[in-house]
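The structure appears right after this line, and notes come after that.
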Amino acid sequence: MTIEECLDLEKERLEINKKHLENGVKFIDIKTAYIGSEVKIGAGTVIYPCVTMEGRVIIGTDCVIGQNTRIEDSTIGDRTNIQSSVITESSVGSDTKIGPFAYLRPNSTIGSHCKVGDFVEVKNSSMGDGAKASHLTYIGDSDVGKDVNLGCGVVFVNYDGKNKHRSVIGDGAFIGCNTNIISPVTVEEGSYVAAGSTVTKNVPKGSLYVARAKDKIIEGWVERRGLLNKNK
């Protein structure tokens, strides 16, 4: 690409941004936002530096699109806050918080008043209104109901090496930290899964599921092994 072609593209990009500015969109730095020609952005939305929007993107009103966010062929509701995240071929409701460092892969649907926090990945899955996955969680090929809480380190084990499988988490369920959901399973409405469990069977409504190895304490082991001084 020649210098002249680069300058023409930069001019075209700036003109797109100016039109959004005239329609009530706010830019922290209008020269550093990369917005495609098909993108629609509601009034009052704030665009931070180094944001990229490509394809058919619709952003609602009064949103915050934080620095280093990339959105492609996706729809975002009103008053949603997205920080340093990637969203592709997905939809996000209103009053939802995404990121920082979240990844919504194609065919993901996130409801309103949800939280998809840091280092959370969602693929071909849905999260109902009010559902939360605050950090370090993988949701693959699954349907998570309304007001579900997914603790830190929850993994939906959706692939058996040959086929993908789908799991369902009912409304109001609570999934404790470091839990593996071995798909396909269903955790019914209002159930609790204890932290550190591996779920391999369906969990009935309102039940507590616990699956942990029995703990064992061997007293005096460090001293007998001659390791006591090494730990000082």
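For this note's numbering, add 556 to where a residue sits in the sequence shown, where the first one is 1.
C-beta: ideal position from N, C-alpha, C; glycine also.
Treat the numbers as computed from the prediction; the structure is a model and nothing was measured.
The C-beta separation of Gly611 from Gly655 comes to about 20 angstroms, leaving the pair out of contact by the 8 angstroms criterion. Per DSSP, the beta-bridge partners of Asn736 are Val711 and Thr754. Segment contact: the segment 681 to 693 against the segment 658 to 669, three or more CB-CB distances shorter than 8 angstroms; contact assigned. Residue environment for Lys575: exposed (fewer than 16 other C-beta atoms within 10 angstroms of its C-beta). In the three-state DSSP reduction, Asp564 falls in the helix class (H, G or I). The C-beta distance from Ile591 to Asn573 rounds to 6 angstroms, short enough to fall under 8 angstroms. The bridge partners DSSP lists for Gly616 come to none. Within the same chain, Cβ atoms closer than 6 angstroms to the Cβ of Ser641 are found at Thr625, Ile654, Gly655 and Ala658, the five residues on either side in sequence being excluded. Using a C-beta cut-off of 8 angstroms, the segment 738 to 751 makes contact with the segment 760 to 767, since at least three inter-stretch Cβ pairs fall below that distance. Spatial neighbours of Thr601 in its own chain (CB-CB distance under 6 angstroms, excluding positions within 5 residues in sequence) are listed in chain order as Val581, Ile615 and Cys619. Listed in chain order, the beta strand (DSSP E) elements of length 3 or more contained wholly in the segment 634 to 690 are 642 to 644 and 671 to 679. Listed in chain order, the non-local C-beta contacts of Asn736 below 6 angstroms within the same chain comprise Val711, Val713 and Thr754, local neighbours out to five positions each way being set aside.
From the listed residues Val700, Gly696 and Lys679, the smallest Cα separation to Lys688 is found for Val700. Around the beta carbon of Glu775, fewer than 16 other beta carbons lie within 10 angstroms, which makes this residue exposed.
When DSSP states are grouped into helix, strand and coil, Lys702 belongs to the coil group. Here Val678 has Leu660, Ser664 and Ile695 as same chain residues with Cβ atoms under 6 angstroms from its own Cβ, once five neighbours each way along the sequence are excluded. If the five residues before and after Ser593 are omitted, its C-beta is found closer than 8 angstroms to the C-beta atoms of Ile572, all from its own chain and listed in chain order. Under the three-state reduction of DSSP output, Ile725 falls in the strand class. Of the candidates Met557, Ser650 and Lys671, Lys671 places its Cα closest to the Cα of Asp703. Here His669 has Asp651, Thr652, Asp685 and Gly686 as same chain residues with Cβ atoms under 7 angstroms from its own Cβ, once five neighbours each way along the sequence are excluded. In its chain, beyond the 5 residues on either side, Asp699 and Thr742 have a beta carbon closer than 6 angstroms to the beta carbon of Val724. Beta-bridge partners of Met609 (DSSP): Ile591 and Ile627.
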